[in-house]
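Read in UniProt numbering, the sequence shown has 10 at position 10, and its numbers run on one by one without any break. Quick reminder that beta carbons are idealized off the backbone N, C-alpha and C, glycines included. These numbers were taken from a predicted model, which means no experiment stands behind them. Below you'll find the structure, written out as structure tokens, and then a few comments.
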Amino acid sequence: MPTFAQTFWSPSAIATLAAGYIGSSIVGFVFIFCGFHIVASKACALVLHFGLLVPVLRADHWIAFASIIVCEAILIGLWFGDHGNALRFYILFVGVMNLFYVVWDYVDERLFDKRNTSDCAQFSELLGWPISSWAIFWFIYDALVFTSAIFAGICVFRRSDEDMYYEA
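Spelled out as structure tokens, the structure:
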């Protein structure tokens with residue numbers, strides 16, 4: 001017998017749920033792709049910088065404000081240190097964290113008893129597969145996106161460190 005959510009499901013509800021995982025995988029792909037070149041990493045760092053400015057304006061507590069300012073300071077320090085070479089690895093790290101958001105969302109629900117369920121649990125409630133099956137499906141999707149981002153970055157940005165230093 002279908003659940004209440006399965007009785008009244010709509011394609012727009014599924015598209016809305018999938019948009020979170022797909023959007024984070026697109027952002028992760030772009031960051032990983034750009035992490036293979038210093039100048040492209042600096043462009044992504046600008047996007048990250050302006051993305052961190054919005055929470056600074058909405059920070060309610062001094063700890064939140066201070067942690068965002070520390071992240072901004074690290075970002076600026078990596079920009080100017082060693083022509084931005086270390087910034088590449090920071091952008092790669094942020095890209096991997098964005099890309100594999102589905103893993104963090106699922107693990108957060110399974111290991112820690114959080115109030116809001118993961119999107120995998122919402123997919124399970126709407127479409128009926130077990131939660132772990134949805135997690136495996138989205139993990140395989142993210143693994144394919146991760147592999148394609150690495151191959152695209154390697155193929156497009158075929159430069160030595162000296163060439164990238166010259167361009168930076």
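- Leaving aside the five residues that flank Lys114 on each side, the residues in its chain whose CB is nearer than 8 Å to its CB run, in chain order, Asp108.
- Per DSSP, Trp104 is one residue of the alpha helix (DSSP H) stretching across Tyr101 to Leu111.
- With respect to the C-alpha of Phe139, the residue from Phe100, Leu127, Leu111 and Pro130 having the closest C-alpha is Phe100.
- Taking each of Asp82, Gly153, Ser160 and Ile76 in turn and checking the Cα distance to Gly95, the smallest one comes out for Gly153.
- For a cut-off of 8 Å, the C-beta gap from Ile32 to Ile150 is around 7 Å, short enough to register as a contact.
- Look at the beta carbons and you see the region 82-95 not touching the region 123-143: under three pairs across the two are nearer than 8 Å.
- The beta carbon of His37 sits closer than 6 Å to those of Phe157, all from its chain and outside the five residues before and after it, given in chain order.
- Judged by DSSP in its simplified three-state form, Trp134 adopts helix.
- Rounded to the nearest angstrom, the gap between the Cα atoms of Val145 and Ala18 is 15 Å.
- Annotation: the continuous alpha helix (DSSP H) that includes Asp119 extends over Asp119 to Leu127.
- Counting the other Cβ atoms within 10 Å of the Cβ of Arg88 gives 16 or more, which makes it buried.
- For Lys42, the three-state secondary structure derived from DSSP is helix.
- With respect to the C-alpha of Trp134, the residue from Asn116, Cys155 and Tyr106 having the closest C-alpha is Tyr106.
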